[in-house]
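Some notes on the structure that comes next.
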Amino acid sequence: MLRVKSRRHFVALLILAVVIQGCIIHTTSPKSTAKSSAFRQMNFQDLIKRYMQKQGANSIEGVYAVSGMVIKKSKNLLGEMREKTTDRKDNYATVAILKESEDSNDYIELSLNKEGQASYSIIGEFKPASGNLLLYNHFDSKGKDTSFTFTQDEKAELLEGIRVDDEGGKQITYKLTYVKLKAR
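Numbering (the numbering used here), first residue to last: -15 to 168.
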């Protein structure tokens, strides 16, 4: 009789454990549910797009698609210069360029590659130079900051940057192209 009673208790406890576990598994997490609100909601990227729709001068402020290219130049055995494109990435990133502050001519660059973040990283700075030239400093998470010289077209819808490094007889040219995306 003792055995039968313990089996019944074991089965009852097992069923109770499965029911409790089912309740825990089906509990909604705060990340998976969106809070309902009587107000329209807007995420950061929607806010940036709306901000860029404002009327203004030909500023570099905007949302851009970024493409890049790496070109290596070196001499072959006959001493002739040879050029080879070693890397090309089209539209590999989306960034927002915003004015640092109202009383400054400097701009910051934010990465928009990941959506729904609590904060967005400042990955670079643009500083106006003479005419249509900009000096760009790109921040690297590994601490290796790089700088480029950028030119812009009249409407600031296309930015082209270049950096040239000499490494042991090889000339490596890094080109960045920013194309402004139109707000929809």
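No residue lacks a Cβ here, since even glycine has one placed at the ideal position from N, Cα and C.
query: Burial state of LEU82 (16 or more Cβ within 10 Å); result: buried
query: Cα-Cα separation, THR11 to GLU141; result: The predicted position of THR11 is uncertain, since its pLDDT is 43 and thus under 50; a value taken from the coordinates is nonetheless stated next. About 48 Å.
query: Alpha carbon of ASN97 to alpha carbon of LEU61, nearest angstrom; result: 43 Å
query: Exposure of TYR76, with buried meaning 16 or more beta-carbon neighbours within 10 Å; result: exposed
query: First and last residue of the uninterrupted beta strand (DSSP E) at LEU94; result: 91 to 95
query: LEU31 burial status per 10 Å Cβ neighbour count (16 or more: buried); result: exposed
query: CA nearest to the CA of GLN25, picked from GLY100, TYR120, TYR158 and SER105; result: GLY100
query: Under the three-state DSSP convention, the category PHE123 falls into; result: coil
query: Anticipated Cβ contact below 8 Å, GLU86 with GLU109, distance rounded; result: With 8 Å as the limit, GLU86 and GLU109 do not qualify as a contact, their Cβ atoms being about 17 Å apart.
query: Segment limits, beta strand (DSSP E) that includes ASP137; result: No beta strand (DSSP E) holds ASP137; DSSP gives it neither H nor E.
query: Proximity of LEU118 and LYS111 at Cβ, strictly below 8 Å; result: yes
query: TYR158 vs VAL47 beta-carbon contact at 8 Å; result: no
query: Alpha carbon of ASP124 to alpha carbon of GLY52, nearest angstrom; result: 16 Å
query: Nearest candidate by alpha-carbon position, reference GLU138, set THR70, VAL148 and ILE44; result: ILE44
query: Status (buried if at least 16 other CB within 10 Å, exposed otherwise) for ALA80; result: buried
query: Where the beta strand (DSSP E) through TYR158 begins and ends; result: 154 to 165
query: For ASP149, three-class secondary structure by DSSP; result: strand
query: First through last residue of the beta strand (DSSP E) which encompasses LEU82; result: 65 to 83
query: Secondary structure of LEU62, DSSP reduced to three states; result: coil
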